[in-house]
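Undergrad: Here's a structure for you.
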Amino acid sequence: METKISEISDGIFRLSTFVADIAPPAGFTFNQFLVVGDEPLLFHTGLRKMFPLTHAAVGRLIAPERLRWIAFGHFEADECGAMNEWLAVAPQAQLAHGQTGCMLSLNDMADRAPRVLADGETISLGGGKRVRYIDTPHTPHGWDAGVLYEESTRTLMCGDLFTQVGDGPALTEGDIVGPAIAGEDMFQYSSLNPGMATTLRGLSKLAPRTLALMHGPSFSGDGAAALRALADDYARRIDNRRLASDETRAV
Ligand SMILES: [Fe+2]
Ligand SMILES: [Fe+2]
């Protein structure tokens, strides 16, 4: 396995590792994003067992011990499995996650205390970079779910949203909604919930120029339209499920 590095926005690098054995024959990517400011931030730590690969990839961009912030979408192995390995190699590094995730998991599982981020709270990284944390509970999954938005480049690091299979380009201007719908059909990974479409339409108001997908290419273009289209598809799924349960009740 190798980890490919691409700059997807000014100063934001995608570290992508393709695993052919997951969802064959298409395979599956795991992507981390390094935001390079005076205080570098890594969004997703990578799997614990992939730490040597991710560590080497970060080392091609910055001295890994310079890492200052570690953030991720929700508590799961691919999002944060290597958090303690990162805390060990980067003495200044601190986890930053939402209140729910810190309370549920990080206060116990992390080797150093996390910084607890309120919904909408920002961290200035220096070098013109500033990230905003946004709670997205249960969307696409995980009570503690959230996303991170880099304001200067209008890049939304959207975690598992828009998950797709395959090893596409690092950055695309093509359709990411169709492949995301196919990914949802295949994995059924989302916690369909009544607030989901509203949450996604809320994110669309950021009008992101780049969407940084954890599992798939990054998208350059009208991020708001893509988020609204994804919201519409989830609304359709939720309506269908409600209809099915009404029919079951009526029998
Ligand atoms: Fe996940
Ligand atoms: Fe993931």
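Heads up: the sequence shown is residues 80 to 330, going by my numbering.
Note that beta-carbon positions come from the ideal geometry of N, C-alpha and C, so glycine has one too.
(1) According to the Cβ coordinates, are Ala150 and Leu113 closer than 8 Å?
(2) Tell me whether Ser269 is buried or exposed, calling it buried when 16 or more other Cβ atoms sit within 10 Å of its Cβ.
(3) Are the CB atoms of Arg288 and Arg233 nearer to each other than 8 Å?
(4) Give me the residue from Gly116, Asn163 and Ala310 with the minimum Cα distance to Asp187.
(5) Can you give the Cα-Cα distance for Asp239 and Gly152, rounded to whole angstroms?
(6) Is Gly180 buried or exposed, if buried means 16 or more other CB atoms sit within 10 Å of its CB?
(7) With a threshold of 7 Å (Cβ to nearest heavy atom), would His153 be considered close to ligand 1?
(8) Determine which residues share a DSSP beta bridge with Asn110 and list them.
(9) Take Gln267 and list the residues in its own chain whose beta-carbon comes closer than 8 Å to its own, dropping the five residues that flank it on each side.
(10) Looking at Gly205 and Gly106, is the spacing between their C-beta atoms short of 8 Å?
(11) Thinking just about the alpha-carbon of each residue, which of His220, Ile91, Gly300 and Ala305 is nearest to the one in Pro258?
(12) Using only CA atoms, which one of Asp100, Asp223, Thr82 and Ala161 lies nearest to Met182?
(13) From the beta carbon of Asp264, is the nearest beta carbon of chain D less than 8 Å away?
(14) Measuring only the C-alpha atoms, how far is Val137 from Leu94?
(15) If you reduce the DSSP assignment to three classes, tell me which class Tyr268 lands in.
(16) State the DSSP-derived secondary structure class of Glu118, mapped to helix, strand or coil.
(17) Would you call Asn110 buried or exposed, if buried means 16 or more other Cβ atoms sit within 10 Å of its Cβ?
(18) Closer than 7 Å to a non-hydrogen atom of ligand 2 - does that hold for the CB of Met293?
TA: This is what the structure gives:
(1) Cβ atoms of Ala150 and Leu113: not closer than 8 Å.
(2) Counting other Cβ atoms within 10 Å of its Cβ, Ser269 reaches 16 or more and is therefore classed as buried.
(3) For the pair Arg288 and Arg233, the CB atoms are nearer than the 8 Å cut-off.
(4) Between Asp187 and the set Gly116, Asn163 and Ala310, the nearest pair of CA atoms involves Asn163.
(5) So the alpha carbons of these two residues sit roughly 8 Å apart.
(6) The residue is buried, with at least 16 neighbouring Cβ atoms inside 10 Å.
(7) The answer is yes for His153.
(8) Secondary-structure assignment with DSSP links Asn110 through a beta bridge to Ser95.
(9) Nothing listed; no residue qualifies.
(10) The Cβ atoms of Gly106 and Gly205 lie no closer than 8 Å to each other.
(11) Taking each of His220, Ile91, Gly300 and Ala305 in turn and checking the Cα distance to Pro258, the smallest one comes out for Ala305.
(12) Answer by Cα proximity: Asp223.
(13) Note that chain D does not occur in the displayed structure, where there is just one protein chain.
(14) Pairing Val137 with Leu94, the inter-Cα distance amounts to about 8 Å.
(15) DSSP places Tyr268 outside both helix and strand once states are collapsed to three, so it counts as coil.
(16) Coil at Glu118, not helix or strand.
(17) So Asn110 counts as buried.
(18) At least one heavy atom of ligand 2 is nearer than 7 Å to the Cβ of Met293, so yes.
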